[in-house]
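> Quick one: this structure, given as structure tokens, is what I'll be asking you about.
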Amino acid sequence: MRFSVTIPALLAVALFGCAGCGSLQDPAAGEEEDAESSLMGGTPRRAEVPSFTGPGSSRVQRGKMPGIDFGDVIWEIPESEKEKIKAVAAYLKGSAERVILAGGAVVTNAEYARQLGQQRAIAVKNALIREGIPANTIITVSYGLDLPGRGGDRVEFGFIPTGEKREPGR
Amino acid sequence: MGTSLRAQDAGRVPVGMEEFIGGTGESAAQLLRDDLGNSGLLSVVDNPTAGGGWLVRASSSAGRIDGALLDKKGAVLFNKHYDESDLRDNAHAFADDIVSSITGVRGIASTKIAFVSYRTGAPEIYLADSDGGRIQQITSTGTLKGAPSLGPGSILLAYTSYASGFADVMLKDLRTGDERAVLAAPGTNSGATFSADGTRLALTMSFAGDTDIYISTLSGSRCQRVTNSKSVEFSPSWSPDGGRLVFCSDATGSPQLFVVPRAGGEPERLETGYRYTLSPDWSPDGVHIAFTGREKSGPAIMIYDLASGKSRVALSNAQDAAWAPDGRHLVAVQNESLVVVDVVSGQRRTLISGVPHLREPAWSR
């Protein structure tokens, strides 16, 4: 028992530094020796962007265009919603704004709701890309059971004005 | 209680307990009695001579415990001083030593259970002793969060936080309170669970285009993709040897359980007998997988036996089960309460109730 607690304690020290040692330390250097590091690729980190709720959200315009309703469809975009996608794509082509796609899902399991909401946001992102919207102007997030606003089985749009006009042809 | 065994004590090893002396002796004795009972393996009898030969002798003052276990011949198996500052810690450690000495099984009294509750109006992470006592609020940001997982020894807590406005995996040192966002890739990062040795996290990320299962170092600096499909893949749980993962995928149209080698490869679907299955948790002995199955009457906690390929109901009208490190107990959400069920005897006890919107319990390993 004592041994089994010692290893996690050492891991915690490696990650956070010892208690009283001050600020958090980056443990990445210590992991270079990891035997499995050859299996590991670098994990990307999200760029600093305004969020749908939380930091920077005052810059995000929500409710400007109707969200995508999925109803009881898992994550493919329902035929009835495809015109909404085209309308959003047409708007984005003329505005040079970035867009946040915030997904939600109403299922009994919180983690499934988070990931289902994300896959729905990804489905909308892919549809916008097919309509000619650059992938690097689209941000996805899922709130699962707790999608702000009306909630539900939806993907909501949040627009981030850039103050620029998109150049023709982009 | 007397010396005769109650029905729920059948199959348990009786243990005699002398009256504890000292200022906190009575409280220590009650905690110990509860812990030994909660093990599912032992039962305390008041008459020390009727304990089948096993005898607990202890004194406690100012929360410290001097405790001994004597065997059938009166020989002292151990005699230890438990010196943590909190009586609960000392009683739990004493109980685990007794369980381990008599049965050879690791006790669960010192383990912790993390869970999510909206007690303050916002979802926060809480931590409780395995007997439901000493509930601590661990987070207090007021933002969305969920999917807690405890590392070995309850030293590190991983959970999903929306403090940044996005779903990131946080790692928190429960001794110091220090925490950092270790996985903040584009998209949603969630559902992180520790490997049994505590050196890796398995989780769902979506930065590569779809929601897939990944393995990550604890720092989050490097990751390995395990699954690669267009469907939603989530809720990974490690096999005890760290070689495989069980997870949910809706590739067939509804969430089902699949097993995949940690190095990746073709996932194999588990024929659980249920079309809608969630929250798999691989038992610490590697023999079973607990999951939530949808029955006509509602969700139920099922146990899938890997050897026979058969599933059985462990707890009806419940969901989101997590194994205790003894592989004998499960904690789950049932009727707005956290309930612990002994999967061998079927006995259940309510761990925590009256706390709003309990969900996603996780038991430390």
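Each protein sequence line maps, in turn, to chains U and B.
Here the first sequence is numbered in my numbering, starting from 575 and rising by one per residue.
Here the second sequence is numbered in my numbering, starting from 96 and rising by one per residue.
Heads up, the beta-carbon is just placed ideally off N, CA and C, and yes, glycines get one too.
Note that the structure is a prediction, hence the values are computed from the model and not measured.
(1) When the distance is taken between beta carbons, is H452 of chain B closer than 8 Å to Y213 of chain B?
(2) Closer than 9 Å by beta-carbon distance: list the chain U residues that pair up with Y399 of chain B, in chain order.
(3) So which residues of chain U does F329 of chain B contact, with C-beta pairs closer than 7 Å?
(4) If you follow the beta strand (DSSP E) that E390 of chain B is in, where does it begin and where does it stop?
(5) Would you mind sorting F353 of chain B into buried or exposed? The rule is 16 or more other CB atoms within 10 Å of its CB.
(6) Leaving out the 5 sequence neighbours to the left and right, which residues in its chain are closer than 8 Å to Q231 of chain B when beta-carbon positions are compared?
(7) If you draw a straight line from the alpha carbon of R636 of chain U to that of E455 of chain B, how long is it in whole angstroms?
(8) L131 of chain B by DSSP, collapsed to three states: which one?
(9) Which one of U:I734, U:I713, U:V680 and U:I712 has the shortest CA to CA distance from D643 of chain U?
(10) Between K638 of chain U and the ligand NAD, is there a pair consisting of the residue's CB and a ligand heavy atom that are separated by less than 7 Å?
(11) Rounded to the nearest angstrom, what separates I703 of chain U and G260 of chain B at their Cα positions?
(12) Using a C-beta cutoff of 8 Å, does E605 of chain U count as contacting chain B?
(13) Would a C-beta distance cut-off of 8 Å place S301 of chain B and I696 of chain U closer than the cut-off?
(14) Can you say whether K405 of chain B is buried or exposed, counting buried as having 16 or more other CB atoms within 10 angstroms of its CB?
(15) Can you tell me which of B:K325, B:F289, B:T255 and B:S235 puts its alpha carbon nearest to the alpha carbon of G216 of chain B?
(16) Residues of the stretch 408-438 of chain B with a CB closer than 8 Å to any CB of chain U: list them in chain order, please.
(17) Any beta carbon of chain B sitting closer than 8 Å to that of V698 of chain U?
(18) Report buried or exposed for S654 of chain U, applying the criterion of at least 16 other Cβ atoms within 10 angstroms of its Cβ.
(19) Determine the burial state of E657 of chain U: buried for a count of at least 16 other Cβ atoms within 10 Å of its Cβ, exposed for fewer.
(20) First and last residue of the alpha helix (DSSP H) that includes R183 of chain B?
(21) Between D720 of chain U and chain B, is the shortest Cβ-Cβ distance under 8 Å, so that the two count as touching?
(22) Select from B:G227, B:L269, B:L373 and B:T238 the residue whose C-alpha is nearest the C-alpha of S244 of chain B.
(23) I believe V264 of chain B touches T271 of chain B by the beta-carbon criterion, under 8 Å. Please report the beta-carbon distance rounded to the nearest angstrom.
(24) Whole beta strand (DSSP E) runs in the stretch 283-336 of chain B with 3 or more residues, listed along the chain?
(25) When DSSP builds the beta bridges, which residues end up paired with I642 of chain U?
(26) Do the stretch 271-282 of chain B and the stretch 712-729 of chain U make contact, defined as three or more Cβ pairs closer than 8 Å?
(27) If we call anything under 8 Å between Cβ atoms a contact, is S196 of chain B one with L172 of chain B?
(28) In its own chain, which residues sit with a C-beta less than 6 Å from the C-beta of S432 of chain B, not counting the 5 before and 5 after it?
(29) At which residues does the beta strand (DSSP E) containing V715 of chain U begin and terminate?
(30) What beta strand (DSSP E) runs, 3 residues minimum, are completely inside the stretch 197-226 of chain B?
(31) Chain B partners of V715 of chain U, CB-CB under 8 Å?
(32) In the DSSP assignment, the beta strand (DSSP E) including R160 of chain B goes from what residue to what residue?
(33) Per DSSP, what kind of secondary structure is Q429 of chain B in: helix, strand or coil?
(34) Is there a Cβ of chain B sitting closer than 8 Å to that of F626 of chain U, yes or no?
(35) Using a beta-carbon distance below 8 Å, is T299 of chain B in contact with chain U?
(36) On the CB-based measure, 16 or more other CB atoms within 10 Å of its CB, does A287 of chain B come out buried or exposed?
Quick answer:
(1) yes
(2) Simply none; closest approach about 17 Å.
(3) E685, Y686 and Q689
(4) H383 to E390
(5) buried
(6) Y221, L222 and A223
(7) 30 Å
(8) helix
(9) U:V680
(10) Among the components modelled here there is no ligand, and therefore nothing to report on the ligand NAD.
(11) 24 Å
(12) The pLDDT assigned to E605 of chain U is 40, lower than 50, so where the model puts this residue is not dependable, and the model offers no usable value.
(13) yes
(14) exposed
(15) B:S235
(16) Q414 and D415
(17) no
(18) exposed
(19) exposed
(20) L182 to T198
(21) yes
(22) B:L269
(23) About 19 Å; that fails the 8 Å criterion.
(24) 285-289, 295-300, 307-312, 317-320 and 328-333
(25) U:V729
(26) yes
(27) yes
(28) T445 and S448
(29) I712 to G718
(30) 207-212 and 219-224
(31) G260, F261, A262, G282 and T283
(32) Checking the sequence, you will find Ile at residue 160 of chain B rather than Arg. Where I160 of chain B is concerned, the enclosing beta strand (DSSP E) stretches over R159 to L165.
(33) strand
(34) yes
(35) yes
(36) buried
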